[in-house]
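Okay, structure first, notes after.
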Amino acid sequence: MDVVTTNMPPISLNRSSGSFREVKQSDAENGLHEVFMGMRLAVPESERQEALIDEDTFFSLYRSFLDEKRESIDWSLIKQPEESVMSNYEDFPKPKDADMIDALSKLVVIKLNGGLGTSMGCCGPKSLIKVRDDCTFLDLTVQQIEVCTFNSQ
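1 is the number of the first residue of the sequence shown in full-length UniProt numbering; add one for each residue after it.
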């Protein structure tokens with residue numbers, strides 16, 4: 001696969017302190033069109049038609065995402081599950097060591113960050129905020145994964 005580079009300057013989508021959703025849709029789309037135009041120039045002529053199809057597909061999905069009506073959750077409707085459908089950890093049989101090692105070797109960690117940092121006025125990557133013993137959120141996440149990896153061997 002050929003790697004093509006361009007001297008196109010990066011386009012910042014963070015034009016204000018407001019969230020991306022607050023940027024007018026047309027402004028955001030214009031910025032994306034500029035980016036795609038630069039990318040198109042970097043694509044070999046023989047692959048441009050396919051790149052245009054990919055671009056059209058992206059913009060179709062992008063507009064669908066922006067147009068989607070998002071309903072807010074009525075948290076008063078969320079109830080705790082009944083006791084009959086809940087199980088205590090202590091009631092599960094202890095797995096064999098080999099089964100635990102096998103399960104841990106397939107473990108996937110998905111990190112979902114909330115919006116608390118942004119709502120508190122923090123800007124920049126929140127995973128680099130120092131939280132304890134000179135460690136960042138990212139450091140703590142890596143340590144947790146290392147412990148899982150070590151315990152699975």
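Glycine included, C-beta positions come from ideal geometry on N, C-alpha and C.
- Item | Identity of the residue in Met39, Phe36, Glu146, Arg40 nearest residue 155 by Cα | It is not possible to answer for residue 155, since the shown part of the chain is limited to 1 through 153.
- Message: Is it buried or exposed, arginine 15, if we count other Cβ atoms within 10 angstroms and call 16 or more buried?
- Response: A caution first: arginine 15 carries a pLDDT of 42, below 50, which makes its placement in the model too unreliable to give a value.
- Message: Taking the alpha-carbon of alanine 103 as reference, which of Asp133, Cys148, Leu77 has the nearest alpha-carbon?
- Response: Cys148
- With contact counted as at least three CB pairs below 8 angstroms, one residue from each stretch, are the segment 27–41 and the segment 49–62 in contact? yes
- Query: cysteine 123 by DSSP, collapsed to three states: which one?
  - Reply: coil
- Item | Rounded distance between the beta-carbons of threonine 141 and lysine 96, thought under 8 angstroms | At roughly 29 angstroms, the Cβ-Cβ gap does not stay under 8 angstroms, so lysine 96 and threonine 141 are not in contact.
- Item | Own chain, CB closer than 8 angstroms to asparagine 7, minus 5 neighbours either side, in chain order | For asparagine 7, the predicted model reports a pLDDT of 46, less than 50, meaning its position is unreliable; a value from the coordinates is still stated below. Excluding residues within five positions, none has a Cβ falling inside 8 angstroms.
- Task: Would you kindly work out how many angstroms separate the C-alpha atoms of threonine 136 and isoleucine 129, rounded to a whole number?
- Result: 5 angstroms
- Item | Through-space distance from valine 131 to glycine 117, alpha-carbon basis | 12 angstroms
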